[in-house]
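Trainee: In our numbering, the protein residues as written are 741 to 980. Don't be surprised by glycine CBs; every beta carbon is placed ideally from N, CA and C. Nothing here was measured: the structure is a model prediction, and the numbers come from that model. Pasting in a structure now, in structure tokens, and then I'll have a few things to ask.
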């Protein structure tokens, strides 16, 4: 007999935390649209893949190198994963082989068995949120987090991507137990954050900025944190 789906409860402090973070990192309630990414969905997906476990500067260099080497993605498909890997290695950054395999795998999947299909993701715009996620996650190298980023930022759907900064925020605020897996924390966020694109976009962007600038993995700057009085971890992690 299947287990019943877990019931997640929104913490009482979620609205105030969201208000403070957006006030601190998104002045005047700005929405970070349009995204400073390539306009085509396939371009954006490949750029997102390059950003996995990579600095933004390195991912930008790799993307520019790919576009210079392959003005059309059909050329990258024909060149194969080894050629793509050589291009990525020349641009610096890491994980050249795995990223090249993902990029070539995505292009191959879109081209189909005869390799003559259109290399485009334009059809995603006409799909439901669930079907668009399923189509993205069916592509090589595209997991739940990458799909959520594409849904939120490129398709403007109410997805809730959760990476290390937001995961750390939830644990330090004691919104979720430390024993939870990252996947369960992501499901929790998806359940408790209001299901609108602006709400999720603001919390994601502000939460990531907060994690990068203040709520650091090591040596968090609790003395400069706008959430210090709401955070049970501040007394333990902050300056003595």
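1) Quick one: residues in its chain with C-beta nearer than 8 Å to the C-beta of residue 940, no 5 flanking neighbours on either side, listed in chain order?
2) For residue 915, which three-state DSSP category applies?
3) Please check the pair residue 942 and residue 795, which I expect to be a contact at CB under 8 Å, by giving their CB distance rounded to whole angstroms.
4) So for residue 741, helix, strand or coil by DSSP?
5) Are the beta-carbon atoms of residue 821 and residue 849 separated by less than 7 Å?
6) Does the stretch 791-806 touch the stretch 752-761, meaning 3 or more C-beta pairs lie closer than 8 Å?
7) By a C-beta neighbour count over all protein chains shown, 10 Å radius and 16 as the cutoff for buried, is residue 960 buried or exposed?
8) Buried or exposed for residue 919, please, with buried defined as at least 16 other CB atoms from any protein chain shown within 10 angstroms of its CB.
9) Name the two residues that bound the continuous alpha helix (DSSP H) containing residue 823.
10) How about the stretch 864-872 and the stretch 915-930: do they share at least three Cβ pairs that are nearer than 8 Å?
11) Would you call the stretch 782-801 and the stretch 963-978 in contact, with 3 or more CB pairs under 8 Å?
12) Give the C-beta separation of residue 946 and residue 766 to the nearest angstrom, bearing in mind that I take them to be a contact with Cβ-Cβ under 8 Å.
13) Could you tell me the distance, in whole angstroms, from the CA atom of residue 817 to the CA atom of residue 881?
14) Whole angstroms is fine: what's the gap from residue 937's alpha carbon to residue 819's?
15) Taking 7 Å as the cut-off, decide whether the C-beta atoms of residue 782 and residue 894 are in contact.
16) Expressed to the nearest angstrom, what Euclidean distance is found between the alpha-carbon atoms of residue 828 and residue 836?
Mentor: Based on what the coordinates show:
1) 892, 898, 899, 900, 933, 934
2) coil
3) With a Cβ gap of about 24 Å, residue 942 and residue 795 do not count as contacting.
4) Confidence at residue 741 is low in this model, with a pLDDT of 48, below 50, so the placement of that residue should be treated as unreliable; the coordinate-derived value is given next. The answer is coil: DSSP assigns residue 741 none of H, G, I, E or B.
5) no
6) no
7) buried
8) exposed
9) 813-831
10) no
11) no
12) 5 Å
13) 16 Å
14) 38 Å
15) no
16) 6 Å
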